[in-house]
Amino acid sequence: MPDIVVRHIDDATAERIKSLARERRWSINEVILHALRYGLGMSPGDTFNDMLVVPGDIARLAGTWDASEQAAFDEALCALAAASREELCRAAMQEERKVAAGGG
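Residue numbering for the sequence shown follows this note's numbering, beginning at 101 and increasing consecutively.
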């Protein structure tokens, strides 16, 4: 296999490579090879990204949203942000009455 020398790596990139190598207990070469393969589209799916997930990360445990779910959530947040406190309290009280009456 050929060796390739990469010159002029900025300090932040070099530190990130070293940090990942320490965290994953990989060699620096392994981190760079994984990053190159992923960056060049040669890794299946998000293999490199999956390897970088912190064990116990809540997104990994709970899953993530697809684009339509994220859009619906963003829309709901915008609606909540636009609503006044009085409107929200009134809607909550109406929902409570509905539930208490057995309608929901």
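Think of the CB as a built atom: it goes at the ideal place given N, C-alpha and C, for glycine as much as any other residue.
Note that the C-beta distance between residue 104 and residue 117 is not below 8 angstroms. Fully enclosed alpha helix (DSSP H) runs of no fewer than 4 residues occupy 111-124, 128-139 of the stretch 104-141, in order along the chain.
When DSSP states are grouped into helix, strand and coil, residue 101 belongs to the coil group.
Spanning the alpha carbons of residue 138 and residue 109 requires a straight line of approximately 18 angstroms. For residue 168, the enclosing alpha helix (DSSP H) stretches over residues 167-182. Rounded to the nearest angstrom, the gap between the Cα atoms of residue 114 and residue 195 is 55 angstroms.
The Cβ atoms of residue 131 and residue 140 lie no closer than 8 angstroms to each other.
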